[in-house]
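Add 39 to the 1-based position in the sequence shown for the working numbering, that's all there is to it. Input: a single structure, listed below in structure tokens.
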Amino acid sequence: MARIYLDYAATTPTHPEVVKAMLPYFTEIFGNPSSIYSCGQQARGAMEEARTKVAELIGAKDEEIVFTSGGTEADNFAIKGVAYANRDKGDHIITTAIEHHAVLETCHFLETQGFKVTYLPVDEYGMVDLDELRRALTKRTILISVMHANNEIGTIEPIAEIGKIAKEAGVYLHTDAVQTVGHIPINVDELGVDLLSLSAHKLYGPKGVGALYIRKGTKMVSFMHGGEQERGRRASTQNVPGIVGLGRAAEIAREEMDEEAEQLSRLRDKLAQGILSRIEHSRLNGHPTKRLPNNVNVSISFAEGESMCLNLDLEGICCSTGSACSSSVTEPSHVLLALGLAPLEAHSSLRFSLGKWTTEEEIDQVLEVLPRVVSKLRAMSPLLKSHH
Ligand code: PLP
Numbered sequence: 040m041a042r043i044y045l046d047y048a049a050t051t052p053t054h055p056e057v058v059k060a061m062l063p064y065f066t067e068i069f070g071n072p073s074s075i076y077s078c079g080q081q082a083r084g085a086m087e088e089a090r091t092k093v094a095e096l097i098g099a100k101d102e103e104i105v106f107t108s109g110g111t112e113a114d115n116f117a118i119k120g121v122a123y124a125n126r127d128k129g130d131h132i133i134t135t136a137i138e139h140h141a142v143l144e145t146c147h148f149l150e151t152q153g154f155k156v157t158y159l160p161v162d163e164y165g166m167v168d169l170d171e172l173r174r175a176l177t178k179r180t181i182l183i184s185v186m187h188a189n190n191e192i193g194t195i196e197p198i199a200e201i202g203k204i205a206k207e208a209g210v211y212l213h214t215d216a217v218q219t220v221g222h223i224p225i226n227v228d229e230l231g232v233d234l235l236s237l238s239a240h241k242l243y244g245p246k247g248v249g250a251l252y253i254r255k256g257t258k259m260v261s262f263m264h265g266g267e268q269e270r271g272r273r274a275s276t277q278n279v280p281g282i283v284g285l286g287r288a289a290e291i292a293r294e295e296m297d298e299e300a301e302q303l304s305r306l307r308d309k310l311a312q313g314i315l316s317r318i319e320h321s322r323l324n325g326h327p328t329k330r331l332p333n334n335v336n337v338s339i340s341f342a343e344g345e346s347m348c349l350n351l352d353l354e355g356i357c358c359s360t361g362s363a364c365s366s367s368v369t370e371p372s373h374v375l376l377a378l379g380l381a382p383l384e385a386h387s388s389l390r391f392s393l394g395k396w397t398t399e400e401e402i403d404q405v406l407e408v409l410p411r412v413v414s415k416l417r418a419m420s421p422l423l424k425s426h427h
């Protein structure tokens, strides 16, 4: 049975070109990039080239890119780094109810350290209300953190408008762009962000490597203490093969992103419309148009998300319920609850996320299998019987 992988938002396969670019840095060119002899300097050269490629992908300067161990570290670094460095100015942070746990849990931690956090609500499509944001700002606000696109429902937030509000208020703006970098065009100046998180394994790069963009002049404290790597901003010997992989992935994204997004939006719409027309009592979650080109999130009443997922797996189809990162947790998704879904509806949700190697035949196959799975589960469901 051929596997149909539709969970690219959880992680992407590493592009063969990326693997190829990384390999020499495990073997011949293994030197420490801080060493002064040539094998170290060669590694440093490759790392700096990767930095340029990442910077180019988001319209930043090389020296504004700090490599990290992934999206989670970038989010922690951005938020804690600004919070602790600007404590003399204020203690208030604004974020949203639908952030990834990497942002939410960092904010929860800071609340235990005396910071105050406002969690902005979102509308039924997952969009942040800009008036609510304006009202939440106080003289003590030091940071706004709003994700660029949501990983579960794909809604793209109005970051450029938030950037203007932040600038006017003299408050730093961080965006978690883990789901958008390499998928839709990004320019840090157009967005007006001071900090931006990204992760390689969401753009066909390897796991365990990412980056934080830090606008020049941003007042930050370091998060990892130790050596002087990354201009003293992030101690620890750099993951050279991983960074080289991220750089190559960024380079490929620049070339292929636009065409890929066009192709994926077509398949996305086919999948979404196919599900809605074939399955009674199903609805699309997230924004109808302002959404990631690869995301389909649906609620299918009277069928439980995890059961659908496991049954699809038996047919070789990989997708997820709610957030991939928390799919082992049985709590309903905090994102779907924030949209106003009842817990039961939130438990009946599936996320399909498409990618570079998704084909039309695979979408047809899902549209054939899913209605069958749903009928089977509904036939066993006491909920449907009480509904009729
Ligand atoms: N932020 C968002 C929006 C994500 O989707 C993810 C990935 O799961 C992360 C942060 C965490 O990234 P990483 O897995 O690289 O730590």
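Note that the Cβ used here is the ideal one computed from N, Cα and C, for glycine as well.
Near the ligand PLP: residue i beta-carbon under 6 Å from a heavy atom
i, result
"V217", "yes"
"T111", "yes"
"S184", "no"
"H249", "According to the sequence as given, residue 249 is Gly; it is not His. Within the cutoff, so yes."
"A141", "yes"
"N190", "yes"
"G238", "Note on residue identity: the sequence assigns Ser, not Gly, to residue 238. Correct: S238 has its Cβ closer than 6 Å to the ligand PLP."
Cβ neighbour criterion (16 or more within 10 Å) applied to residue i
i, result
"I75", "exposed"
"M186", "buried"
"F40", "A small correction: the amino acid at residue 40 is Met; Phe does not occupy that position in the sequence shown. Looking at its Cβ environment, which holds fewer than 16 other Cβ atoms inside 10 Å, M40 is exposed."
"R42", "exposed"
"Y47", "buried"
"M419", "exposed"
"P280", "buried"
"E301", "exposed"
"R270", "exposed"
"H147", "exposed"
"S392", "buried"
"Q312", "exposed"
"Q277", "buried"
"D215", "buried"
"K28", "In the structure displayed, the chain extends from 40 to 427; residue 28 sits before or after that span and is not available."
"P160", "exposed"
"D352", "exposed"
Assumed close pair residue i, residue j - CB separation to whole angstroms, cut-off 8 Å
i, j, result
"I137", "T157", "About 14 Å; that fails the 8 Å criterion."
"H131", "T194", "Actually they are not in contact, since the Cβ atoms of H131 and T194 sit about 25 Å apart, beyond 8 Å."
"L45", "V283", "Contact doesn't hold; Cβ gap of about 29 Å is too wide."
"R273", "M263", "5 Å"
"I198", "V121", "That belief does not hold up - the Cβ atoms of I198 and V121 are roughly 17 Å apart, past 8 Å."
"N333", "H222", "7 Å"
"V413", "I356", "Actually they are not in contact, since the Cβ atoms of V413 and I356 sit about 13 Å apart, beyond 8 Å."
Rounded separation between residue i and residue j - CA only
i, j, result
"Y211", "A377", "25 Å"
"R287", "E56", "8 Å"
"S362", "G256", "Its pLDDT being 42, under 50, S362 is placed unreliably in this model, and the value from its coordinates should be taken loosely. If I take the Cα positions, the gap works out to 35 Å."
"C364", "A49", "Residue placement at C364 is poorly supported in this model, since its pLDDT is 40, which falls under 50; the coordinates still yield a value, given next. Answer to the nearest angstrom: the Cα atoms are 7 Å apart."
"E295", "K128", "43 Å"
"S366", "V337", "For S366, the predicted structure reports a pLDDT of 48, less than 50, and the residue's modelled location is therefore unreliable. The matter cannot be settled from this model."
"K395", "L242", "10 Å"
"T219", "L331", "8 Å"
"Y64", "A82", "7 Å"
"R307", "D297", "15 Å"
"L303", "C358", "16 Å"
"L349", "L416", "11 Å"
"L234", "I118", "9 Å"
"L389", "G231", "33 Å"
"M347", "P382", "17 Å"
"E299", "L310", "16 Å"
"Y164", "G70", "49 Å"
"V58", "A289", "13 Å"
"G244", "P421", "44 Å"
"V260", "A124", "5 Å"
"T145", "E67", "39 Å"
Below-7 Å beta-carbon distance, residue i vs any chain B residue
i, result
"A82", "No chain B is part of this structure, which consists of one protein chain only."
Scan the segment 233-260 and note each continuous alpha helix (DSSP H) run of 4 residues or more that stays entirely inside, going in chain order. None, since the segment 233-260 contains no complete alpha helix (DSSP H) of that length.
To test your reading of the DSSP string, which unbroken alpha helix (DSSP H) runs of 4 or more residues are found completely within the segment 52-105? With a minimum length of 4 residues, the unbroken runs of alpha helix (DSSP H) contained wholly in the segment 52-105 fall at 55-61 and 77-97.
At 4 residues or longer, what runs of the alpha helix (DSSP H) sit wholly inside the segment 187-219? Taking only runs of at least 4 residues, the alpha helix (DSSP H) segments lying wholly in the segment 187-219 are 198-208.
Ordered list of beta strand (DSSP E) runs contained in the segment 246-332, each at least 3 residues: Qualifying beta strand (DSSP E) stretches, in chain order: 249-253 and 321-324.
Please give me, in chain order, every unbroken run of the alpha helix (DSSP H) with length at least 4 that falls completely inside the segment 342-416. 344-353, 373-377 and 382-385, all fully within the segment 342-416.
Please go through the segment 120-197 and give each complete alpha helix (DSSP H) segment of 4 or more residues, from N-terminal end onward. Those alpha helix (DSSP H) runs which fall completely within the segment 120-197 and span 4+ residues are 140-151 and 169-175.
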